[in-house]
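Position one of the first sequence corresponds to residue 293 (my numbering), numbered consecutively onward.
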Amino acid sequence: MSKELADLIFPNITKTPEDYEKMYPARNLPEGAMVTRFAPSPTGFIHVGSLFGANLDRRLASQTGGICYLRIEDTDGKREVDDGINLIINGLKVFNIEFDEGPTSETEQKGNYGPYIQSERKDIYQCYAKSLIEKGLAYPCFCTAEELNAIRERQEKLKIVPGYYGEFAVCRNLSESQMIERVKKGDPYIIRLKSPGSMSKKIKFKDMIRGQIEFPENVQDIVLIKSDGLPTYHFAHAVDDHLMRTTHVIRGEEWISSIPLHVQLFEVLGFQMPQYIHTPTIMKDDEGSKRKISKRKDPEASASYYKDNGIPKEAVIDYLMNILNSNFENWRKQNPHADLSEFKVDPHKISSSGALFDLVKLNDVSKNTIATFTAEKIFEDGLAWAKEYDKDLADLMEKHKDFTINILNIERTGNKVRKDIAKWSELRENLAYLYDEVYFENEVTYEWQLVTDKTEIKAILDEYMKVYDENDDKDTWFNKMKDVAEKFGFAREVKEYKANPEGFKGHVGDISTVIRVALTGRRNTPDLYEILKNLGKARIEERFAKI
RNA sequence: GGCCCAUUGGUCAAGCGGUUAAGACGCAGCCCUCUCAAGGCUGAAUCAUGGGUUCGAUUCCCGUAUGGGUCACCA
293 MSKELADLIF
303 PNITKTPEDY
313 EKMYPARNLP
323 EGAMVTRFAP
333 SPTGFIHVGS
343 LFGANLDRRL
353 ASQTGGICYL
363 RIEDTDGKRE
373 VDDGINLIIN
383 GLKVFNIEFD
393 EGPTSETEQK
403 GNYGPYIQSE
413 RKDIYQCYAK
423 SLIEKGLAYP
433 CFCTAEELNA
443 IRERQEKLKI
453 VPGYYGEFAV
463 CRNLSESQMI
473 ERVKKGDPYI
483 IRLKSPGSMS
493 KKIKFKDMIR
503 GQIEFPENVQ
513 DIVLIKSDGL
523 PTYHFAHAVD
533 DHLMRTTHVI
543 RGEEWISSIP
553 LHVQLFEVLG
563 FQMPQYIHTP
573 TIMKDDEGSK
583 RKISKRKDPE
593 ASASYYKDNG
603 IPKEAVIDYL
613 MNILNSNFEN
623 WRKQNPHADL
633 SEFKVDPHKI
643 SSSGALFDLV
653 KLNDVSKNTI
663 ATFTAEKIFE
673 DGLAWAKEYD
683 KDLADLMEKH
693 KDFTINILNI
703 ERTGNKVRKD
713 IAKWSELREN
723 LAYLYDEVYF
733 ENEVTYEWQL
743 VTDKTEIKAI
753 LDEYMKVYDE
763 NDDKDTWFNK
773 MKDVAEKFGF
783 AREVKEYKAN
793 PEGFKGHVGD
803 ISTVIRVALT
813 GRRNTPDLYE
823 ILKNLGKARI
833 EERFAKI
């Protein structure tokens, strides 16, 4: 039909759509396998929403024996950033998300359905655009920005739908010879879709989360190929997801409104549509109202925030899984140590309304996650964090490796595990006072409680050192503590004291508090017996002497 | 404004025509306990709203309100 025009516009495109169909055949995968993709712009920034999506992409592909690939959408030069691809790859690797196909660095790619970088697929898009022109389904548009603005203003005045469509699409109705003439003349142009849609017709679309949605058909003659020869998102989406044989497109719900366009594009190109999963936007509470979590205003919108704050990647993913499928939480409770891959994500169970990102809840998830770690893992991951963000602490941890692990191991075994660490940045608070360097080289503020009289404190400590034996088992140890309490006029048992508060100066807890505070400066610590044992008698004496 | 989407406690949510409307976080109290953390128990707190449909609506339909998205040669 418009072969002459098509050849004139794309003289160098020699391949046909059929060629590409052959180059990228249907994938040979088991029944039900999902092919998903994570398709970011190479801005280098990973939004927590992207992480949410990438995780879903990964999980769905993995659990069905499918493929999850990375595609870089760099058709907008303005948004690009140096090293953007590496930043994305590494940023996701931190959360154990890796791809089966796609770029593996700025310069390398793997997989048979590439190239996976859109700017390298120019010929492919142009081939399909050319074919559309040939079929009379696309055309060159010579309108300038000013003309487009004028059209828009007119439409706004008339209070009708703005855009390039119908009678407003002036270039659409140019004759082929007029088009050829203007192209030859060198007038700048872009390629637009010649939309076959009608405003009065409706289309039905099915989203895996939201179910059926009805829209009026698309009538806009949207841009397919921009003046730089690169495609717009919409066109690239149709071509790429078809050619890369994507079965499930997972993307943010902001794309829902362009569904009519995408349906039309697939139709016009003769492609079968994939399934769609439009994920809810992660929101943020802003003084009582919800708003989209924002890169500019909210540090927690960035995936790197969690690393910076020492929140383990496992916890972040678990939290995200929580908002993905709310039954994950129960599953996790029953399978605290199980690998994520054992949980089957159900796309239909994803909530359709955007969840408020809850840092407090994340904190709780994180506490539970860390509670499943061994002392060794806490040491390693904590140290890795500290090396980057708290060098001083890292040095101490390394210098006293065994001691640190032993301390971290207090109340960590058995079925009632200590849950006092939610992030690595709390490690300092939990460990520092036990290192001699910190204890002796700094001013210690002793938070005495009931017993504050210096002479009495000294007497208690002296007496305690007389009876303390590091070889005692816990019961013996505690009995000795009670003996000391009794000797100084304190009740052996808390209950005893409560029954008769007048009869005693206090109870055994007040005595152990004296020991605890003298030893650490703090009223609250993990199990005192274990701490004493780990410090050893000599260091206990030194610490007491400091007072 | 047009078109879409959403709406169960403060937050995340289960629910899919009949329920004392789960559970989790947070909050409060109690218990346990040498402190803290954990754990156990208890409590306060929810179906946006008006109409239908129905013997019966949180659940289905319509309107309203509120929140969100989108209307680019950005993705």
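Glycine included, C-beta positions come from ideal geometry on N, C-alpha and C. Small disclaimer: the values here were computed from a predicted structure and weren't measured.
Opening and closing residue of the beta strand (DSSP E) in which residue i lies
{"i": "T571", "result": "567–571"}
{"i": "Q504", "result": "503–508"}
{"i": "G544", "result": "540–544"}
{"i": "R474", "result": "That residue, R474, is in no beta strand (DSSP E); its alpha helix (DSSP H) goes 468–477."}
{"i": "S581", "result": "581–584"}
{"i": "L516", "result": "515–517"}
Residue i, buried or exposed, once every other Cβ within 10 Å from all chains shown has been counted against 16
{"i": "G324", "result": "exposed"}
{"i": "E310", "result": "exposed"}
{"i": "G376", "result": "buried"}
{"i": "V776", "result": "buried"}
{"i": "Q410", "result": "buried"}
{"i": "D802", "result": "buried"}
{"i": "Q556", "result": "buried"}
{"i": "E721", "result": "exposed"}
{"i": "N909", "result": "Shown here, the chain extends from 293 to 839; a query on residue 909 therefore has no answer."}
{"i": "L719", "result": "buried"}
{"i": "L742", "result": "exposed"}
{"i": "M279", "result": "This structure cannot speak to residue 279, because the chain is shown only from 293 to 839."}
{"i": "E579", "result": "exposed"}
{"i": "N510", "result": "buried"}
{"i": "R413", "result": "buried"}
{"i": "K493", "result": "exposed"}
Residue j beta carbon less than 9 angstroms from that of residue i
{"i": "I505", "j": "V541", "result": "no"}
{"i": "E459", "j": "L297", "result": "no"}
{"i": "K758", "j": "G781", "result": "no"}
{"i": "I585", "j": "V340", "result": "yes"}
{"i": "I305", "j": "C419", "result": "yes"}
{"i": "A667", "j": "K711", "result": "no"}
{"i": "T524", "j": "L516", "result": "yes"}
{"i": "G369", "j": "D532", "result": "no"}
{"i": "S643", "j": "I615", "result": "yes"}
{"i": "D415", "j": "K307", "result": "yes"}
{"i": "F330", "j": "F391", "result": "yes"}
{"i": "I364", "j": "S333", "result": "yes"}
{"i": "L723", "j": "T747", "result": "no"}
{"i": "I551", "j": "H640", "result": "no"}
Straight-line Cα distance separating residue j from residue i
{"i": "L522", "j": "R444", "result": "24 angstroms"}
{"i": "E739", "j": "T328", "result": "57 angstroms"}
{"i": "V809", "j": "D656", "result": "28 angstroms"}
{"i": "K451", "j": "R464", "result": "22 angstroms"}
{"i": "D610", "j": "E398", "result": "30 angstroms"}
{"i": "D687", "j": "E833", "result": "25 angstroms"}
{"i": "H848", "j": "W716", "result": "Any answer about residue 848 is impossible in this case: the structure gives the chain only from 293 up to 839."}
{"i": "P566", "j": "D684", "result": "53 angstroms"}
{"i": "W677", "j": "T744", "result": "39 angstroms"}
{"i": "G602", "j": "G383", "result": "15 angstroms"}
{"i": "E690", "j": "N660", "result": "25 angstroms"}
{"i": "N792", "j": "K772", "result": "22 angstroms"}
{"i": "D499", "j": "A318", "result": "23 angstroms"}
{"i": "D764", "j": "E680", "result": "40 angstroms"}
{"i": "K486", "j": "Q447", "result": "20 angstroms"}
{"i": "I574", "j": "I839", "result": "52 angstroms"}
{"i": "A830", "j": "A783", "result": "29 angstroms"}
{"i": "A442", "j": "Y456", "result": "11 angstroms"}
{"i": "F665", "j": "K693", "result": "17 angstroms"}
{"i": "L466", "j": "T335", "result": "39 angstroms"}
{"i": "P508", "j": "F620", "result": "37 angstroms"}
{"i": "E794", "j": "V806", "result": "21 angstroms"}
Range of the contiguous alpha helix (DSSP H) that encloses residue i
{"i": "C419", "result": "414–426"}
{"i": "L827", "result": "820–827"}
{"i": "F770", "result": "766–779"}
{"i": "F527", "result": "525–535"}
{"i": "T805", "result": "800–812"}
{"i": "R351", "result": "340–356"}
{"i": "A678", "result": "667–681"}
| task | Pair every Cβ in the stretch 297–312 with every Cβ in the stretch 422–434, then say whether three or more of these pairs are closer than 8 angstroms. | result | yes
If contact is defined by three or more beta carbon pairs under 8 angstroms, each pair taking one atom from either stretch, is the stretch 740–753 in contact with the stretch 816–826?
no
Report task. Please confirm if the stretch 667–676 is in contact with the stretch 697–714, defined as three or more CB-CB distances below 8 angstroms between the two stretches. Result -> Yes, since at least three Cβ pairs between the stretch 667–676 and the stretch 697–714 fall closer than 8 angstroms, the two stretches touch.
* Is the stretch 337–355 touching the stretch 617–637 in the sense that three or more CB pairs, one from each, lie closer than 8 angstroms? -> yes
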